[in-house]
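Trainee: Residue numbers (my numbering), protein chains in the order written: chain A, 38 to 357; chain B, 53 to 357.
Virtual Cβ for every residue (Gly too), placed ideally from N, Cα, C.
(1) Quick one: grab the DSSP three-state call for residue 268 of chain B.
(2) Assign residue 243 of chain A to one of three DSSP states: helix, strand, or coil.
(3) Do residue 138 of chain A and residue 181 of chain A have their C-beta atoms within less than 7 Å of each other?
(4) Any contact of the segment 238-247 of chain A with the segment 277-292 of chain A, i.e. 3+ C-beta pairs under 8 Å?
(5) Would you list the residues sitting across from residue 277 of chain B in a DSSP beta bridge?
(6) Report the residue ranges of all alpha helix (DSSP H) runs contained in full by the segment 178-216 of chain A; include only those spanning at least 4 residues, in chain order.
(7) Residue 140 of chain B by DSSP, collapsed to three states: which one?
(8) Can you name the residues of chain A whose CB is closer than 8 Å to the CB of residue 233 of chain B?
(9) Just to confirm the assignment: which complete alpha helix (DSSP H) runs, minimum length 4, are found wholly within the segment 156-189 of chain B?
(10) Using only CA atoms, which one of B/212, B/208, B/353, B/152 lies nearest to residue 197 of chain B?
(11) By the 10 Å Cβ neighbour count, where 16 or more other Cβ atoms means buried, how is residue 130 of chain A classified, buried or exposed?
(12) Answer with buried or exposed for residue 268 of chain B, where buried requires no fewer than 16 other C-beta atoms within 10 angstroms of its C-beta.
(13) Report the option in A/76, A/43, A/66 whose CA atom is closest to the CA atom of residue 324 of chain B.
(14) Assuming residue 134 of chain A contacts residue 177 of chain A under a Cβ cut-off of 8 Å, what Cβ separation, rounded to an integer in Å, is found between them?
(15) Distance cutoff 7 Å, beta carbons only. Does residue 99 of chain A sit that close to anything in chain B?
(16) Which of the three DSSP states is assigned to residue 82 of chain A in this structure?
(17) Identify the continuous beta strand (DSSP E) that holds residue 287 of chain B and give its terminal residues.
(18) Would residue 199 of chain A and residue 271 of chain B qualify as a contact pair, given that the criterion is a beta-carbon distance under 7 Å?
(19) Taking only beta-carbon atoms, is residue 222 of chain B less than 7 Å away from chain A?
(20) Taking C-alpha atoms, which residue in B/133, B/230, B/154, B/122 lies nearest to residue 102 of chain B?
(21) Compare the C-alpha of residue 180 of chain B against each of B/315, B/210, B/351, B/256 and name the closest.
(22) How would you call residue 347 of chain A, buried or exposed, if buried means at least 16 neighbouring beta carbons within 10 angstroms?
(23) Where does the unbroken alpha helix (DSSP H) through residue 69 of chain B begin, and where does it stop?
(24) Work out the CA separation of residue 285 of chain A and residue 300 of chain A for me, nearest whole Å.
(25) Have a look at residue 303 of chain A and residue 50 of chain A and give me their C-alpha separation to the nearest angstrom.
(26) Short of 9 Å Cβ to Cβ, which residues in the segment 196-208 of chain A face chain B?
(27) How many whole angstroms separate the CB atoms of residue 168 of chain B and residue 119 of chain B, which I take to be in contact at a CB cut-off of 8 Å?
(28) When you compare each of B/184, B/141, B/172, B/164 to residue 126 of chain B by their alpha carbons, which one comes out closest?
(29) Between residue 239 of chain A and chain B, is there a C-beta pair that is closer than 7 Å?
(30) Distance check for residue 146 of chain B and residue 54 of chain B, CA to CA, integer angstroms please.
(31) Residue 54 of chain A versus chain B: which residues are under 7 Å apart at the beta carbon?
(32) With a 10 Å radius around its C-beta and 16 neighbouring C-beta atoms as the bar for buried, classify residue 217 of chain B as buried or exposed.
(33) If the cut-off is 8 Å on Cβ atoms, which residues from the segment 252-277 of chain B count as contacting chain A, listed in chain order?
(34) Below 7 Å CB to CB, which residues in the same chain sit around residue 174 of chain B once its five sequence neighbours on both sides are set aside?
(35) Return yes when the Cβ of residue 99 of chain A is within less than 7 Å of the Cβ of residue 270 of chain A, no when it is not.
(36) Closer than 7 Å by C-beta to residue 38 of chain A: which residues in its own chain qualify, once you throw out the five before and the five after it? Chain order, please.
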């Protein structure tokens, strides 16, 4: 698997709400998703577009990557306004066809060239939020090499399209999630998904649930998080990062597996536990991921330090 | 676009005279006169002779009237069924787009011959095989007459060679595919959650209501009711409650206030209200109105009788 970005946590925020944007760097997120879409009122769309260029460096001050969610219906105007150095990804909502993604790719390719951005820098997030999108999943995921992670199939838009209440406490989206995961895996993309963890209140700030969901997601092989409220950032960072015990255990597995070399055996049972090349591969994967998480946390901590030094901020930031 | 409100569709075997006579009083949104599984093989011809009169009987309470035909006796059954007052045909055991085309061709010919409006009769298709579930996209997009599609879970079990146990739903994938593909094709998926779809039995109204509510929250739009006792709890489950209507009116107010104040993201009771939440509120309120209107249509004739 190709080395991938560490995107355990992220906040989607209306770019028009200045205090969210100004404080974003203090939140500890792996990414910030500046929203031009559903959290921005229709009459402020043009104004919002104009804010992205300056907001990108602001939200990156804590080491987070900067993304922008554009409007399905304003692709050209939005892309012109947002593809600037520092932008890592364009999230495109309600993706329903490969054609749409190819159009995005064409425009981004031109803007990268015109604006001195290394070709291929800006990713495309194809958000699947309708039944039609699920039905065309594979073609959409395949439509551009800029699509590096793929998933969805849940959320308010999907609920509305299917005509269902969203917070009912049972798995409503199993088929769509399954289709999207299979498409992603078949194409070797990162999977944006989470196993079902009931949320009957609809709360967006439930730290406890966020942690359980992140832990369960990691066990299922998913590593991508994100949310709407600062309260879920730390739980997601923690839940998606292997614990010290897990790292220790992975090292132990690799050692036992190394000891097998030269014995003529390919596997061994220790305390009822099988040690073989599959377990060794899993352990190696855990250690690689843990190292990436550590590296990412260091990058962010250094960025925060630099920013605070530059601002000559005397006191530690409050993580409100 | 008008919302199709067809929450309950009551099956009435055409040879069950008492059932057919009483069906119109059940408050079902639709009544399907059954020539297929509800009629024994030896009485098929007799059953056909009963359809024309039964259509008028079943429709007198404002319900839409359908006839479920036999796939193997399609021509004769359509001849017997396509009379004024009929809303459409329920076509079981559909396994290919070609079968839909065949039925539509015969329906079109009969409409012309009998002076019925061209293309007016709808189709409800039932999928009963793995092949049909796999090919659902080509089947339901084969003709615009198709307004609803469902699984016949009993016959599907036969085709799959399984004996479904009540505690293990074997149709998570099939039903999920039904909902996604039908929604994408703008056709209504219908059905109830497991195990009622495959083990329809006499259960409490509360249990039917619960499973129909779950069905609605899977994206299904209505239920084929094997018994009149299902109709009331099914109608209730697919109608937005007063509580839901009140909540969504509040969502709309709070959202409008936020937009006026310069943001389209605003908290309400721990949730985040933004555009799709407001859009959903519109849907719920429109659905509530459409259900009210449909109920009024049905109640008017009964009040006058």
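Mentor: So, from the data block:
(1) The residue labelled residue 268 of chain B in the question sits at position 216 within the second chain. Residue 268 of chain B: helix per DSSP, three-state reduction.
(2) On the first chain, residue 243 of chain A is found 206 positions in, with the first residue counted as 1. Three-state result, residue 243 of chain A: coil.
(3) Sequence index remark: in the first chain, residue 138 of chain A carries index 101 (1-based). Sequence index remark: in the first chain, residue 181 of chain A carries index 144 (1-based). Against a cut-off of 7 Å, the Cβ pair of residue 181 of chain A and residue 138 of chain A comes out as a contact.
(4) no
(5) Numbered from 1 along the second chain, position 225 holds the residue referred to as residue 277 of chain B. Under DSSP, the beta-bridge partners assigned to residue 277 of chain B are B/62.
(6) 192-199
(7) For the purposes of this step, residue 140 of chain B is identified with residue 88 of the second chain, where counting begins at 1. Residue 140 of chain B falls in the strand class under three-state DSSP.
(8) Here residue 233 of chain B corresponds to residue number 181 of the second chain, with the count starting at 1. In chain order: 168, 172.
(9) 182-186
(10) The residue labelled residue 197 of chain B in the question sits at position 145 within the second chain. That would be B/152, whose Cα lies nearest to the Cα of residue 197 of chain B.
(11) Residue mapping note: residue 130 of chain A aligns to position 93 of the first chain, counting from 1. Residue 130 of chain A should be labelled buried.
(12) In the second chain, residue 268 of chain B corresponds to position 216, counting from 1. It counts as buried.
(13) As a position in the second chain, residue 324 of chain B is number 272, starting the count at 1. The shortest C-alpha separation from residue 324 of chain B is found at A/76.
(14) Looking up residue 134 of chain A in the first chain gives position 97. Looking up residue 177 of chain A in the first chain gives position 140. Confirmed, Cβ separation roughly 7 Å.
(15) Walking along the first chain from the start, residue 99 of chain A turns up at place 62. No, residue 99 of chain A does not count as interfacial toward chain B.
(16) What you label residue 82 of chain A is simply residue 45 of the first chain in a count that begins at 1. If DSSP states are grouped into helix, strand and coil, residue 82 of chain A belongs with the helices.
(17) Reading the second chain from its first residue, position 235 is the one you call residue 287 of chain B. Where residue 287 of chain B is concerned, there is no enclosing beta strand (DSSP E), although the alpha helix (DSSP H) it sits in stretches over 283-289.
(18) Your numbering for residue 199 of chain A matches position 162 in the first chain. Your numbering for residue 271 of chain B matches position 219 in the second chain. With respect to residue 271 of chain B, residue 199 of chain A sits close: the two C-beta atoms are nearer than 7 Å.
(19) Within the second chain, residue 222 of chain B is the residue found at index 170, counting from 1. No, no contact with chain A.
(20) Stepping through the second chain from its first residue, residue 102 of chain B is reached at position 50. The shortest C-alpha separation from residue 102 of chain B is found at B/133.
(21) As a working mapping, residue 180 of chain B is identified with position 128 in the second chain. If we check each option's Cα against that of residue 180 of chain B, B/210 comes out closest.
(22) In the first chain, the residue the question calls residue 347 of chain A occupies position 310. Exposed, by the Cβ-count rule.
(23) Counting from 1 along the second chain, the entry for residue 69 of chain B is found at position 17. Its alpha helix (DSSP H) spans residues 69-74.
(24) Mapped onto the first chain, residue 300 of chain A falls at position 263. Mapped onto the first chain, residue 285 of chain A falls at position 248. Each residue's alpha carbon lies about 24 Å from the other.
(25) Translated into the one-based positions of the first chain, residue 303 of chain A becomes position 266. Translated into the one-based positions of the first chain, residue 50 of chain A becomes position 13. Their Cα atoms are separated by approximately 51 Å.
(26) If you check each beta-carbon in the segment 196-208 of chain A against every beta-carbon of chain B, the ones closer than 9 Å belong to 196, 197, 198, 199, 200, 201, 202, 203, 204, 205, 207, 208.
(27) By one-based count along the second chain, residue 168 of chain B stands at place 116. By one-based count along the second chain, residue 119 of chain B stands at place 67. Going by Cβ atoms, the distance from residue 168 of chain B to residue 119 of chain B rounds to 14 Å, so no, they are not a contact pair.
(28) Taking the first residue of the second chain as position 1, residue 126 of chain B is located at position 74. The shortest Cα separation from residue 126 of chain B among B/184, B/141, B/172, B/164 belongs to B/141.
(29) For the purposes of this step, residue 239 of chain A is taken as the residue at position 202 of the first chain. Look at residue 239 of chain A: its C-beta is under 7 Å from a C-beta on chain B.
(30) Your numbering for residue 54 of chain B matches position 2 in the second chain. Your numbering for residue 146 of chain B matches position 94 in the second chain. Going from the Cα of residue 54 of chain B to the Cα of residue 146 of chain B covers about 27 Å.
(31) Position 17 of the first chain, counting from 1, holds the residue named residue 54 of chain A. Those are 315, listed as they occur along chain B.
(32) Along the second chain, one-based indexing puts residue 217 of chain B at 165. Burial call: exposed.
(33) 266, 268, 269, 270, 271, 273
(34) Looking up residue 174 of chain B in the second chain gives position 122. Excluding positions up to five away in sequence, the list reads 139, 140, 197, 199.
(35) Along the first chain, read from residue 1 onward, the residue named residue 270 of chain A stands at position 233. Along the first chain, read from residue 1 onward, the residue named residue 99 of chain A stands at position 62. Not in contact: residue 270 of chain A and residue 99 of chain A (Cβ atoms no closer than 7 Å).
(36) Sequence index remark: in the first chain, residue 38 of chain A carries index 1 (1-based). For residue 38 of chain A, the predicted model reports a pLDDT of 36, less than 50, meaning its position is unreliable; a value from the coordinates is still stated below. For residue 38 of chain A, where only same-chain residues beyond five positions count, there are no Cβ hits under 7 Å.
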